[in-house]
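K.L.:
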Amino acid sequence: MELAAEKEISKITVKDIADRADINRGTFYAHYRDVYDVLEQIEDEAIENLSHFLDNLNNSVENIGDMMYPIDCYLNKDIKLSQRLLNSRESEMFFKKLHKVFKEKLLSNESYTKIFEGDSLSQEICTTFITYGCAGVLQNCMQHRDIYSPETVNHALNQFIEGGILAFGQNKKTMA
1 MELAAEKEIS
11 KITVKDIADR
21 ADINRGTFYA
31 HYRDVYDVLE
41 QIEDEAIENL
51 SHFLDNLNNS
61 VENIGDMMYP
71 IDCYLNKDIK
81 LSQRLLNSRE
91 SEMFFKKLHK
101 VFKEKLLSNE
111 SYTKIFEGDS
121 LSQEICTTFI
131 TYGCAGVLQN
141 CMQHRDIYSP
151 ETVNHALNQF
161 IEGGILAFGQ
171 NKKTMA
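With full-length UniProt numbering as the guide, the letters of the sequence shown map in order to residues 1 to 176.
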């Protein structure tokens with residue numbers, strides 16, 4: 001990740017990694033296929049850590065939008081890693097993994113799923129919108145950390161998500 005902070009991942013070579021880690025290329029290949037294999041393992045570890053973090057948090061979140069604040073703070077702990085994982089040319093896979101974690105955590109929130117009882121299509125549409133939107137907001141915030149604080153992002157997302165979900169729930173009730 002030190003190398004990734006210095007140059008694009010696509011420009012990092014196995015020799016660069018071996019030199020930085022003070023190992024020979026044979027040792028590298030004993031553990032990894034290529035540079036992208038290293039990146040994938042770093043991504044998987046970051047996602048696993050974030051998922052465990054969210055498991056511990058999930059029961060204490062009252063508002064769905066409040067889930068984003070600790071995630072933003074968590075990613076902010078290692079801002080260089082987060083920025084590289086979310087804003088490199090190779091970030092698409094990490095972004096998809098991040099979306100998957102958000103979706104799993106959102107769907108495990110009983111107050112959220114209760115809104116959609118009997119309407120799985122609307123639940124899927126709203127969940128996809130929220131989770132991709134939140135992942136995109138985090139991606140943008142990591143790129144522009146000097147502008148967006150975790151508190152500002154949390155406040156805006158809470159208003160948007162909670163207002164939208166509450167309006168959706170109210171519309172469902174009036175249509176029934």
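No residue lacks a Cβ here, since even glycine has one placed at the ideal position from N, Cα and C. From a predicted model like this one, the values you see are computed outputs, not experimental measurements.
Return the CA-CA distance between F129 and H99, expressed in angstroms with no decimal places.
P.N.:
Each residue's Cα considered, the two are about 10 Å apart.
K.L.:
Please state the DSSP three-state secondary structure of D78.
P.N.:
Coil.
K.L.:
Please name the residue in S122, A135 and K105 whose C-alpha comes closest to that of L54.
P.N.:
Looking at the Cα atoms, K105 is the closest of the given residues.
K.L.:
Have a look at M142 and E162 and give me their C-alpha separation to the nearest angstrom.
P.N.:
Straight-line Cα distance between these residues: approximately 23 Å.
K.L.:
Run the CB neighbour count on Q159, radius 10 Å, all protein chains shown included, and call it buried at 16 or more, exposed below.
P.N.:
Burial call: exposed.
K.L.:
Using only alpha-carbon positions, find the residue among I17, P70 and M93 that is nearest to N56.
P.N.:
Residue P70 is the option with its Cα nearest to N56.
K.L.:
Do you know offhand how far A167's Cα is from G118's?
P.N.:
Their Cα atoms are separated by approximately 17 Å.
K.L.:
Taking buried to mean at least 16 other C-beta atoms within 10 Å of its own C-beta, is R20 buried or exposed?
P.N.:
Per the 10 Å Cβ criterion, exposed.
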